Amino acid sequence: MRIFKPEMAPIKVPNRFELTHQPSVGLALESLIRAYQTVFKEASYWAEIWSREAIQEKLEREVDRQSSFLVTMLGDKEMPIAGFAWGEILAPTNLGPRIAKALQKKPAELDGLIDKLLRFRITKLVYADEFAIVARFRSGIEPVRGLLQPWLEWAWLENQVFSCLFWTTPASPIYKLGLYMGFEPVFWTKVEEKDIVFILNRDFRPLLKICQNMNSRQIARILMAVSRRRRRK
Ligand SMILES: CC(C)(COP(=O)(O)OP(=O)(O)OC[C@H]1O[C@@H](n2cnc3c(N)ncnc32)[C@H](O)[C@@H]1OP(=O)(O)O)[C@@H](O)C(=O)NCCC(=O)NCCS
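Those letters in the sequence shown? Residues 213 to 445, by my numbering.
What follows is the structure, given as structure tokens:
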């Protein structure tokens, strides 16, 4: 198995998934805001209420450079955008202020995380601020793959970056899914009584190979095997 340019990959990302490096505007922005509000309100482990202004401000701050990315997944008439992922390629030393703002912490509270990344000799990584799919559009691995593959391809093929980091609550399905996909927990903290865990994939290239070369049934088989092995440990 090898890594292909996106257009040559045996499993290509369907065109309802779109990768860009600019914040959305107009109708696309309104649809993205709606999806964001829906997903973080409906998930009981987040149960967050977000104003449209706060989401717009966050988006403008986090996605406005060529080093940042935004992937959106088209939905239907009622929910034109049904999923999204965004983030940026950064050096570990530049992560502090960005994460601190999102988690309402002081950058120094994240020193333990930065130290750990530096100990792993990571000089650059792709950091995902957000990764979410509106509940009624989740179905198997396809939407997850579609939201993941474009920015892993971009990070590796266009930027030679192969480490990936994000944070979540362990109650989110993404936590276990991440562990099955080669991520490891590297730092724990709390935000308003909620446990928050940072998970790192030091080298996502094997995962990218799987995304580009295997169909959903093969991926599900791998996930099942890994999850069984982890349960036995
Ligand atoms: C995070 C999120 C995108 C994950 O998507 P999801 O569809 O819920 O993910 P799942 O855990 O169901 O896994 C997707 C698929 O992977 C496969 N899979 C997962 N675990 C598996 C296992 N142990 N064995 C085999 N297949 C497995 C299945 O095909 C599964 O689809 P299914 O549930 O229809 O069987 C979604 O839950 C979400 O948007 N949550 C709210 C936002 C959020 O928490 N985001 C993360 C932090 S910002």
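Every residue, glycine too, gets a C-beta built ideally from N, C-alpha and C.
This one's a predicted model, so the numbers in the text were calculated from it and none came from an experiment.
> Under a three-way DSSP split, which group does residue 438 fall into?
Replying inline: For this step, residue 438 is matched to residue 226 along the sequence shown. Helix.
>> Looking only at its chain, what residues have a beta carbon closer than 8 Å to the beta carbon of residue 352, apart from the 5 residues adjacent to it on each side?
In response: Along the sequence shown, one-based indexing puts residue 352 at 140. Excluding sequence neighbours, residue 352 sits near 428, 432.
> Thinking C-beta only, is residue 262 closer than 8 Å to residue 446?
Replying inline: Limits of the chain in this structure are 213 at one end and 445 at the other, which puts residue 446 out of reach.
> From residue 334 to residue 328, what does the alpha carbon distance come to, in whole angstroms?
Replying inline: If you number the sequence shown from 1, residue 334 lands on position 122. If you number the sequence shown from 1, residue 328 lands on position 116. The straight-line gap from Cα to Cα measures roughly 9 Å.
> Can you find a heavy atom of ligand 1 that lies under 7 Å from the Cβ of residue 380?
Replying inline: The count along the sequence shown starts at 1 and reaches residue 380 at position 168. Indeed, a heavy atom of ligand 1 lies less than 7 Å from the Cβ.
> Should residue 339 be counted as a contact of ligand 1 given a C-beta to heavy atom distance under 7 Å?
Replying inline: Position 127 of the sequence shown, counting from 1, holds the residue named residue 339. Answer for residue 339: no, Cβ out of range of ligand 1.
> What are the complete alpha helix (DSSP H) segments, minimum 4 residues, inside the stretch 213-242?
Replying inline: none
>> Taking 8 Å as the threshold (C-beta atoms), are residue 291 and residue 228 in contact?
In response: Here the question's residue 228 lines up with position 16 in the sequence shown. Here the question's residue 291 lines up with position 79 in the sequence shown. Not a contact, by the Cβ cut-off of 8 Å.
> Hey, is residue 186 close to ligand 1, as in C-beta under 7 Å from one of its heavy atoms?
Replying inline: Coverage of the chain is limited to positions 213 through 445, which leaves residue 186 absent and any answer about it impossible.
>> Going residue by residue through the stretch 242-311, where are the continuous beta strand (DSSP E) segments of at least 3 residues, counting only ones entirely within it?
In response: 280-286, 293-302
> With C-beta atoms as the reference, is residue 278 less than 8 Å away from residue 241?
Replying inline: To locate residue 278, count along the sequence shown from 1; it is residue 66. To locate residue 241, count along the sequence shown from 1; it is residue 29. No, these two residues do not count as a Cβ contact at 8 Å.
>> Nearer than 7 Å: is that true of the beta carbon of residue 432 relative to any heavy atom of ligand 1?
In response: Residue mapping note: residue 432 aligns to position 220 of the sequence shown, counting from 1. Correct: residue 432 has its Cβ closer than 7 Å to ligand 1.
> What are the start and end residues of each continuous alpha helix (DSSP H) run of 4 or more residues lying completely inside the stretch 307-364, in chain order?
Replying inline: 307-315, 323-331
>> What I want to know is whether the C-beta of residue 412 ends up closer than 7 Å to one or more non-hydrogen atoms of ligand 1.
In response: For the purposes of this step, residue 412 is taken as the residue at position 200 of the sequence shown. Checking the Cβ of residue 412 against ligand 1 gives no.
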